[in-house]
Each structure stands twice: as C-alpha cells, then as structure tokens.
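Following my numbering, the numbering of the sequence shown begins with 253 at its first residue and continues without gaps.
All C-beta atoms in this analysis are idealised placements derived from N, C-alpha and C, irrespective of residue type, glycine included.
Here is the structure we will look at, set down as structure tokens.
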Amino acid sequence: MAVKKITRRWLLNSFAVIVFIIVLMEIVFAVGITNYYYNFVRQTLVTRADSANAAFKQYSEDTRADFPSLVRGYVATFSQRESMELMTIDINGGISLTSSGFLPEGDDRLMPDYDRAMAESTGRFVGQLNGQRVMAVSVMSPVTGQESLSAVRLVVGLQNVDRQIHLLIAGMVLLGLFVLSFVLFSSSYFISSIVNPIGEVGETARKIASGDFTARLEKRDDDEIGELSDIINYMAAELGVAEQLKNDFISGVSHELRTPLTAIQGWGETLLSDDGEDKEMLHKGMSVIINETVRLSNMVEELLDFSKMQSGRLKLVLGKMDALAELSEAVLMYTERARREHILLAYDESDGIATVYGDKNKLRQAFVNVIDNAIKYSDSGGEVKIETILTPQSFTVRVEDFGIGIREEELPQIKQKFYKADSTRRGSGIGLALADEIITRHGGMLEIGSKYGEGTTVTITLPVYTKQDEAVSLQE
C-alpha cells in the first residue's frame, strides 16, 4: 500500500509536471516552427512581388516601350515559375496574366489576399485552393495609369513546407517521448531504490512491533536509507535488551515476592498449628512475619515510586533537612542485617549538620538503595565502608564495597532500569535507577566506579542548602 501511494504521488506530482512541461514545449515548438517557415515563405513571396513591381514600374516609365508586352514577357519568363506562380491583377480585381499560362477557375479565383492588400500594403492568404494548401500574397502595384495592372500576386503550394514542418514536429515529439521514457525509466529505478527499502523497513518494523527483536535490516548504501536501517537495527537491539531486562525484572520481582510470602505462609501455618504454649517460637515466628511484611511493604513502595518516576509523577516534598541524619538512619536500618550476613558495616560519620533542601523520605530511600546494593553484592566476611565529606558547598557520601564488582563494559548500563550486574543476586534491578533519579531531582549527582572482582564505589554528591535556596523557597 505504501509503495502504491508513493508511486501514485510521484506520478501525480513529478511525472505529471514533466509531461505537462514537455507537451507545452512541443506545442510551443510546433507553433514556432510553423510560424517561422510560413513567415519565411511569405517573406520570399513578398520579395519576389516587390521585385516584379520594381520591374513593372521601370517598364511604365519608359515611354517608348510597349508596357503590356513587357509585362507579359516578364510573367511568361518568370524565373521561379517551377516553385511558385506569378499573377497580375487588373484594376477590376481579375487575374489578367499567370506565369503558368492558365487562368484559374472556380475556387482558385478566390483571392482573399487581394482584398486584404486593397486595405493594407500587403495581403496574405493561407488555406485550401482547388483542394491544395497554398499561400498567396498580393502586393499593390505602384504603377498608375495601367488598367491591366493593379497588383502582383504570387501563389505557392505548401505541401513541401508542411511536410518539412511535420517532420520536424514528429522529430520533436520523438525526442519528447525519448525524454519521457528516460525520465520514467530513471525515476522508476530511483523510486524502486527508495520504495523497496522502505517496504523492507515497514516489514521489519512490523516484525519488531510483534515482538521479534532479532529482525534486522540489510544496509546497502551509506545514504539516508542506510542511516535509517542502522537506526532501526539499533532500536531493535535496544528493544531486545529492554525486553530481556524486563523479563529478568519480572522474574526477579516474582522471586523477591515469593521469598517473604513463603516465610510468612510457613510461619503462619506453624503458629496456627501450635497451641500457643511455646512463647519463644511464637515470638520468633511473629518477628519473621513482621520483618518479611516490612520487606514486602518496602518492595511495593519501591515499585510504586519507580512507576511514578517512569510516568513523571514522582513528586518531592521539599524542605530544609539534615541529610546526614537520614543517612545515619539508613545505616542503622542495615546494621543488624549486615551482622546477620557476617558483613562488616563501617560508618565514618562527619561532624556537623548536612543541611540540604530536599525530601527527607526520598533521600533516605536513595541512601537505603545504595547501601542495600553494597551489602547485596558483598560476600560473607566482606566489608562495606560508608564515609561522608561535608564542605560549605556540598555533602558527599561514599559507599564502598569489596564484593564482586562490575565489568567495565557494564558500567554505562548499571543505572538503567531493570539492569542487574549479577542475575544470581537478589533484587529487582530498579534500586540504582530510582536512587539516581532522586539524587538528580535534588540537583545532585550519583557516580559509580568499579573494578571487576575488586569492588564498587558509589559516590553521592548533594548541594548544601544556601541563602539563595532559602530565598527561592520563600518565593515559592
């Protein structure tokens, strides 16, 4: 359908214009060449008539000469009588002499050119006389006092002239048809070189839209179509990666949700079957249920925040706050977990207050996500170091682990949604993406450095609250 539409548009727009221009040129050429030849024949006839009139005038001025005899002799010996006919017209409008020796009859006696010559200096007629196309020119004679001569008339057949004109027009038509054929052929080749690749692009795009992210276009030329092919192939590759990340995310989230739900269900069934006499087991079971419920709640909150971030609905409740206090609370939340997993959590807290203008809940969540990642990618017996640097301009948090690290080629994607450096580790793959969004929305920066097999360092830098921020907040 697209091919038909493009071809039809080309036929209606470009080719139709070319046809119109060529037809117009043909018409202009035909009119021009006809006028040129006819004017040439007319001028030749007028020249011959003027030459005859000059001779007749000379005869009339010779008083000793027999004027009628001289005129008859001139007409009878007219040098161009093989190609044209010379006639003399008397004062009554009748033909008195002809170079052929025969006086015309019937339609040949019609002389509209003579009637025009009576009104003008020269008369011309082009049309049919006795079934033949002719041109007749009448020129009034300057000779006075001679009743046998009032005008000179020359008649020539147009068959040869028209034949030459028709040959030239036919040649021009053939040339126009050749040009049209060449344009049609070259344009058809050009259109096919565009339409066919576009058709392939459409077919590949449909495959990609239907979920076949392995579909690729073959790049034939380094032009706009080739660039489009590269873009489509790149898009398909990125969509394939995104689809794989999405599937991994769904699998990871399902596993993350199943683990606490299994624990809650198992301890719930255990406590339900118990008669309640074992207080220690009851306390342990309720603790597990509460902890796993909190874990589920945090996961759901993270997913909701991520959904809001994706749709642009993540809102911050900004205010003057102590970011250092929120970081300390986040560290406290993970101290017990790090101890259970035999990971040393070393926290070097700066003195003072890190006053920033931000949303304390969201900043705490960003700190939690970064610390959670550091512990998650550390092995038992490892260490996670958290240190802070407070200056008059910024508040910096460095979270360093000595776990598995990240490969150099994976670093550019590590902050992308759903991406996980190690799929065997728990997590949904959205923690760093959400933390990066939160820090960026606070005017800060989240940077990641890592060496595979040696560990990873996440550096968060936030601007410190200034009087300018206070002025802006008061205006708001």
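#### Entry: heavy atom of the ligand HEM below 7 Å from I542 C-beta
As presented, the structure is devoid of all ligands, the ligand HEM included, so that no description of it is given.
### Task
Grab me the residues of M424's own chain with a C-beta within less than 7 Å of its C-beta, minus the 5 sequence neighbours each way, in chain order.
Translated into the one-based positions of the sequence shown, residue 424 becomes position 172. The answer, listed in chain order, is E278 and F281.
### Environment of P664 [buried if 16+ CB atoms lie within 10 Å]
Translated into positions along the sequence shown, residue 664 becomes position 412. Label assigned to P664: exposed.
### Task
Rounded to whole angstroms, what's the CA-CA distance from S433 to R385? Just pull it up for me.
If you number the sequence shown from 1, residue 433 lands on position 181. If you number the sequence shown from 1, residue 385 lands on position 133. Whole-angstrom Cα-Cα distance: 35 Å.
### Message
Taking the straight line between their C-alpha atoms, what separation do you get for L322 and I274?
### Response
If you number the sequence shown from 1, residue 322 lands on position 70. If you number the sequence shown from 1, residue 274 lands on position 22. Each residue's alpha carbon lies about 55 Å from the other.
### Query
Using the C-alpha atoms, what's the distance from A369 back to V298?
Sequence index remark: in the sequence shown, residue 298 carries index 46 (1-based). Sequence index remark: in the sequence shown, residue 369 carries index 117 (1-based). Rounded to whole angstroms, V298 and A369 show a C-alpha spacing of 12 Å.
### Query
Tell me, which residues are paired with V408 by DSSP?
Locating residue 408 in the sequence shown gives position 156, counting from the first residue. For V408, which the question treats as bridged, DSSP gives the partners M387.
### Query
In terms of residue numbering, what span does the alpha helix (DSSP H) encompassing Q398 cover?
For the purposes of this step, residue 398 is taken as the residue at position 146 of the sequence shown. Note, Q398: premise wrong, no alpha helix (DSSP H); not H, not E.
### Query
DSSP on E652, reduced to helix/strand/coil?
The sequence position of residue 652 within the sequence shown is 400, counting from 1. Per DSSP, reduced to three states, the secondary structure at E652 is strand.
### Exposure of Y441, with buried meaning 16 or more beta-carbon neighbours within 10 Å
As a first step, residue 441 is located in the sequence shown; it is residue number 189 there, counting from the start. So Y441 ends up on the exposed side.
### Message
Closest to I341 by C-alpha separation, out of N305, G634 and V608, would be which residue?
### Response
Position 89 of the sequence shown, counted from the first residue, corresponds to residue 341. For the residues N305, G634 and V608, the minimum Cα distance to I341 belongs to N305.
### Task
For the beta strand (DSSP E) containing F267, list its first residue and its last residue.
Taking the first residue of the sequence shown as position 1, residue 267 is located at position 15. Where F267 is concerned, there is no enclosing beta strand (DSSP E), given that its DSSP letter is neither H nor E.
### Task
List the residues that DSSP assigns as beta-bridge partners of F377.
Along the sequence shown, read from residue 1 onward, the residue named residue 377 stands at position 125. Beta-bridge pairing links F377 to A388.
### Task
Identify, in the order they occur along the chain, each residue of the same chain with its Cβ nearer than 8 Å to the Cβ of A729, setting aside the five sequence neighbours on each side.
This structure does not reach residue 729, given that the chain is present from 253 up to 728, and the question cannot be answered.
### Message
Give me the DSSP bridge partner(s) of E593.
### Response
As a first step, residue 593 is located in the sequence shown; it is residue number 341 there, counting from the start. DSSP lists no partner for E593.
### Task
Give me the Cα-Cα distance between F272 and V283, rounded to the nearest whole angstrom.
Locating residue 272 in the sequence shown gives position 20, counting from the first residue. Locating residue 283 in the sequence shown gives position 31, counting from the first residue. Their backbone Cα atoms lie some 16 Å apart in a straight line.
### Query
If you check the beta carbons only, do M336 and V404 fall under 8 Å apart?
Indexing the sequence shown from 1 puts residue 336 at position 84. Indexing the sequence shown from 1 puts residue 404 at position 152. No. Outside cutoff.
### Task
Let me know if T350 comes out buried or exposed under the rule of 16 or more other beta-carbons within 10 Å of its beta-carbon.
The count along the sequence shown starts at 1 and reaches residue 350 at position 98. T350 comes out buried.
### Task
Going by DSSP, name the residue or residues bridged to D631.
For the purposes of this step, residue 631 is taken as the residue at position 379 of the sequence shown. BP columns for D631 are empty, so no partner.
#### Entry: Span separating the alpha-carbon of R468 from that of E581
By 1-based counting over the sequence shown, the position of residue 468 is 216. By 1-based counting over the sequence shown, the position of residue 581 is 329. Straight-line Cα distance between these residues: approximately 51 Å.
### Query
Is I483 helix, strand or coil by DSSP?
As a first step, residue 483 is located in the sequence shown; it is residue number 231 there, counting from the start. Correct three-state label for I483: helix.
### Task
Below 8 Å on the Cβ atoms is my guess for I712 versus G696; work out the distance and round it to an integer in Å.
Your numbering for residue 712 matches position 460 in the sequence shown. Your numbering for residue 696 matches position 444 in the sequence shown. That pair is a contact at about 6 Å.
### Query
Going by C-alpha distance, which of L642, V447, Y704 and F619 is nearest E601?
On the sequence shown, position 349 is the one that residue 601 refers to. Nearest C-alpha to E601: L642.
### Query
What does a CB cutoff of less than 7 Å around K572 pick up in its chain, not counting 5 residues either side in sequence?
Start at 1 with the first residue of the sequence shown, and residue 572 comes out as number 320. Taken in chain order, the residues that qualify are T607, Y609 and Y717.
### Message
Are the CB atoms of D624 and G707 within a distance shorter than 8 Å?
### Response
Residue numbering aside, residue 707 sits at position 455 when the sequence shown is read from its first letter. Residue numbering aside, residue 624 sits at position 372 when the sequence shown is read from its first letter. Taking 8 Å as the Cβ cut-off, G707 and D624 do not qualify as a contacting pair.
### Task
Please work out which residues of its chain come closer than 7 Å, Cβ to Cβ, to T374, disregarding the five sequence neighbours upstream and downstream, and give them in chain order.
Residue numbering aside, residue 374 sits at position 122 when the sequence shown is read from its first letter. These residues qualify, in order along the chain: V298, V389 and V391.
### Query
Would you report the Cα separation of G346 and L429, rounded to the nearest angstrom?
Against the sequence shown, residue 346 aligns to sequence position 94. Against the sequence shown, residue 429 aligns to sequence position 177. Cα to Cα, the separation comes out at about 50 Å.
### Query
Between I541 and Y586, is the Cβ-Cβ spacing less than 8 Å?
As a working note, residue 541 is residue 289 in the sequence shown. As a working note, residue 586 is residue 334 in the sequence shown. In this structure, Y586 does not lie closer than 8 Å to I541 by Cβ.
### Query
Could you give the distance in angstroms between the alpha-carbon of S231 and the alpha-carbon of L419?
Coverage of the chain is limited to positions 253 through 728, which leaves residue 231 absent and any answer about it impossible.
### Message
One question on the structure: do A488 and I460 come within less than 8 Å of each other, judged by their Cβ atoms?
### Response
Within the sequence shown, residue 488 is the residue found at index 236, counting from 1. Within the sequence shown, residue 460 is the residue found at index 208, counting from 1. In this structure, I460 lies closer than 8 Å to A488 by Cβ.
### Query
Per DSSP, what kind of secondary structure is E337 in: helix, strand or coil?
As a working note, residue 337 is residue 85 in the sequence shown. Strand, per DSSP.
### Task
Measure the beta-carbon distance from N613 to A687 and round it to whole angstroms, keeping in mind my assumption that it falls under 8 Å.
The sequence position of residue 613 within the sequence shown is 361, counting from 1. The sequence position of residue 687 within the sequence shown is 435, counting from 1. Wrong, their Cβ atoms sit about 13 Å apart, outside the cutoff.
### Message
Taking 6 Å as the limit between beta carbons, can you name the residues of its chain near A619, skipping five residues before and five after?
### Response
Against the sequence shown, residue 619 aligns to sequence position 367. Looking at the sequence shown, residue 619 is not Ala but Phe. L579 and A582.
### Task
Would you mind working out which of Q617, D474 and D631 sits nearest R591, comparing C-alpha positions?
Locating residue 591 in the sequence shown gives position 339, where the first residue counts as 1. Per the Cα distances, D631.
### Task
Might you give, ordered along the chain, the residues of its own chain that have their beta carbon closer than 6 Å to the beta carbon of R376, omitting 5 neighbours on each side?
On the sequence shown, residue 376 is found 124 positions in, with the first residue counted as 1. The answer, listed in chain order, is R294, D365 and V389.
### Message
Let's test the definition: count the other Cβ atoms within 10 Å of the Cβ of I690 and tell me whether it reaches 16, buried, or not, exposed.
### Response
Against the sequence shown, residue 690 aligns to sequence position 438. Looking at its Cβ environment, which holds 16 or more other Cβ atoms inside 10 Å, I690 is buried.
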